[in-house]
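Right, one structure below, let's go through it.
2 protein chains.
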Amino acid sequence: MPSPPSPESPATALIALDWGTSSLRAYRLDPAGRTLEQRHSPHGITQLPVAGAEGFVQALQLLAGDWLAAWPQAPLLACGMVGSAQGWREAPYVAVPSDFAGLAGRLVTVPVGSGRTLLIVPGLIEHREGLPNVMRGEETQIAGALALQAVDDLGLIGLPGTHSKWARVADGRVVAFDTYMTGEVYAALSQHTLLARTLERGGAFDEAAFRRGLETAQSEAGRRGPLSTIFSTRTLGLTGVLTAKAQADYLSGLLIGHEVQSVCRTLGAELQGQAWQLIGDEQLCRRYQVALRHAGVEGVRWISQATEAGLWHVAQAAGLVAGRTGLP
Amino acid sequence: MPSPPSPESPATALIALDWGTSSLRAYRLDPAGRTLEQRHSPHGITQLPVAGAEGFVQALQLLAGDWLAAWPQAPLLACGMVGSAQGWREAPYVAVPSDFAGLAGRLVTVPVGSGRTLLIVPGLIEHREGLPNVMRGEETQIAGALALQAVDDLGLIGLPGTHSKWARVADGRVVAFDTYMTGEVYAALSQHTLLARTLERGGAFDEAAFRRGLETAQSEAGRRGPLSTIFSTRTLGLTGVLTAKAQADYLSGLLIGHEVQSVCRTLGAELQGQAWQLIGDEQLCRRYQVALRHAGVEGVRWISQATEAGLWHVAQAAGLVAGRTGLP
């Protein structure tokens, strides 16, 4: 149970939530948009304490009930899967290209009790080449990265993870984005295929094995694509080249290498010299930095605290908090 | 329990076994190489009735003990994972390019009791582009296809399955081959990722959905590769384009489409007008025929009974049975 806020606690201008599938993060921000405090719980939308709307109320109360009581005037803003059809209240996708004022103008509301309301940021949808693509949560992180870095010209933002997103931004808008299910494919292959029989996960990062995977993805053999190259994880084990532990990072390098290759020749084409940024888990982003350097993309920056910055700037754009956002 | 052979049973020249990971098939062949009888059991090498060498003896006795007793002179020949390091006796891989006389000269033996011996066909290994690749069992099916079709010039043979193999043959030899883990990737994605939440397996074949997957793989979006395109299985569901049932065959078309695209631009390049053949499960091979036609490869033949034909012709090449093999 969090300790109650002391009477000297600084003013809270916004209570911001990053509410995903498997976790809930809460940020308490001051009137300058600085994070005063952050907390997290495992109560993602698929892991609520009880089912239904009451589960969302309880999860919020458990994590931040004392904040709600101490700052009854602070607006509440959330991003992520909480706004999906399986979430608390669906926030319909906004089509790209969209600026962040566009997102801020499409917030949906849901009552949280005691006469208060939670506002939810919508996700983005794109219909390039006849195929729909969606993101939910990442649009807010991208808003944060743009605000933090004041990058408003052409650039590429990568958000590695279970489902990696790559977004092309121009003039402060997301103009196109792609999804790569790399993280989840890695988990499925390394646990539920023949590769699982020999591959040993969980050791220290084996950078040599990871780089070997990158090299395979970039080699002539890599042209066959991941459906084929992944089998080399096994055969390099069979022939004694890769130990069980090395196979895990080899496979990681292979898949991340294929993803990065693909991004470089599609969404990232013609952007080689421009600002590339990464948002997400620091260790995972390091792997992507290695992979991008291997593919010839240098100077890729890692952006931290993009989520809370994004929620703050969307709140500004929506007029929930004072101040003028740096976003278009 | 199989009924005992009647006294009028025709002569048996060979007892041939296809002994894989999850099943065991036995064929009884006459002196002309015709199949007189076939049987199968679930006693693949990972599902033996008891562990260790005794498990292999028991599995063989259970399935074909009456054959062994009735034809004590018939040679026994097996192919498949029974010759792997996890099998009954390891038959070291033979490097490509290899002709089938080369395989026949490298059979390994293991005693099966009563003074009899089982001979095991070795698999093939290739070290193209620094990456090892292996097959075990498929080399025998390829031998069978070559013998049945008397194709001894340039051609491509596809063996779709859990791990699809594609072999380039020239002058009756396998000169190069690739592996695609398409079947196993499909199973892992459709059961152990986000896609499993909406995708519904097991319905009748939805050819329209399958073709839609092929089209995505071949489209501009397909250039991003399967790590990216597979996400469209979900988004086409989210946007109401694909039903839960249709998602299964869409994903199947997507993955098979990527595999076929890759084969066409690598191992199959410059072979578009030449003999392409498919060996394997008939329903699955039909999907591949549709996919190949979609990619512009016409007239692909499906070869049945390749395994037993292959075992027969390897037995001929090894001098286990009379007659001259049509193989080099």
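Line by line, the protein sequences give chains A and B.
Here the first sequence is numbered in our numbering, starting from 1 and rising by one per residue.
Here the second sequence is numbered in our numbering, starting from 329 and rising by one per residue.
All residues carry an ideal CB built from backbone N, CA and C; glycine is no exception.
Cβ separation of residue i and residue j, assumed to be a contact under 8 Å, to the nearest whole Å
i	j	result
P377/B	S351/B	So it is not a contact: roughly 14 Å between Cβ atoms.
V300/A	P75/A	Wrong, their Cβ atoms sit about 34 Å apart, outside the cutoff.
L583/B	P488/B	At roughly 11 Å, the Cβ-Cβ gap does not stay under 8 Å, so L583/B and P488/B are not in contact.
A381/B	W416/B	7 Å
G451/B	E467/B	6 Å
T521/B	M181/A	7 Å
Q605/B	I631/B	5 Å
Rounded separation between residue i and residue j - CA only
i	j	result
T561/B	W640/B	44 Å
Q86/A	T117/A	19 Å
Q141/A	A196/A	34 Å
P97/A	R265/A	21 Å
A295/A	L271/A	13 Å
Q47/A	L60/A	13 Å
L476/B	Q633/B	9 Å
Q58/A	T307/A	23 Å
L214/A	G202/A	19 Å
I45/A	D18/A	11 Å
G113/A	Q289/A	44 Å
M409/B	F538/B	32 Å
L570/B	A536/B	11 Å
L447/B	L435/B	6 Å
V110/A	I15/A	15 Å
A576/B	G568/B	15 Å
G565/B	A423/B	46 Å
E365/B	I607/B	21 Å
D30/A	W67/A	13 Å
P10/A	A309/A	19 Å
G323/A	L267/A	34 Å
R356/B	I453/B	29 Å
G102/A	E259/A	30 Å
A597/B	A269/A	26 Å
As assigned by DSSP and simplified to three states, the class of residue i
i	result
Q605/B	strand
M463/B	strand
D206/A	coil
L68/A	helix
Q469/B	helix
W312/A	helix
R362/B	coil
Y27/A	strand
L238/A	helix
E126/A	strand
P226/A	helix
L349/A	This structure leaves residue 349/A out entirely; chain A is present only between 1 and 328.
A95/A	strand
I485/B	strand
D171/A	coil
G441/B	strand
S369/B	strand
A16/A	strand
Residue j beta carbon less than 8 Å from that of residue i
i	j	result
S228/A	T507/B	yes
R464/B	S412/B	yes
V462/B	Y421/B	yes
Y578/B	R540/B	yes
V497/B	G483/B	yes
A188/A	A572/B	no
G511/B	S492/B	yes
P130/A	L146/A	Residue 130/A is actually Gly in this sequence, not Pro. No, they are not a contact pair.
R367/B	A392/B	yes
V625/B	A432/B	no
H132/A	T563/B	Here residue 132/A is Pro; the residue named in the question, His, does not match the sequence. A contact, by the Cβ cut-off of 8 Å.
G647/B	Q589/B	no
A317/A	G257/A	no
Partners in chain B for residue i, counting only beta-carbon separations shorter than 7 Å
i	result
T182/A	L555
Contact set between residue i and chain A, taken where Cβ atoms lie within less than 7 Å
i	result
V462/B	T235 and L238
T507/B	S228 and F231
E457/B	S219, E220 and A221
Contact set between residue i and chain A, taken where Cβ atoms lie within less than 9 Å
i	result
R551/B	S262, R265 and T266
V438/B	By Cβ distance, chain A contributes nothing, its closest Cβ being about 21 Å from V438/B, past 9 Å.
Neighbour list for residue i in chain B, Cβ cutoff strictly below 8 Å
i	result
H258/A	G553 and L555
A167/A	Neighbours of A167/A on chain B: none; closest Cβ ~14 Å, over 8 Å.
Within chain A, partners of residue i - CB distance below 8 Å
i	result
H491/B	L194 and F231
L583/B	L227
Partner residues on chain B for residue i, Cβ-Cβ distance less than 9 Å
i	result
V185/A	V513, A516, L517, T521, P554, L555 and I558
| query | Of the residues that make up the segment 529–549 of chain B, which ones have a beta carbon closer than 8 Å to any beta carbon in chain D? | reply | This model lacks chain D altogether; the protein chains it does include are A and B.
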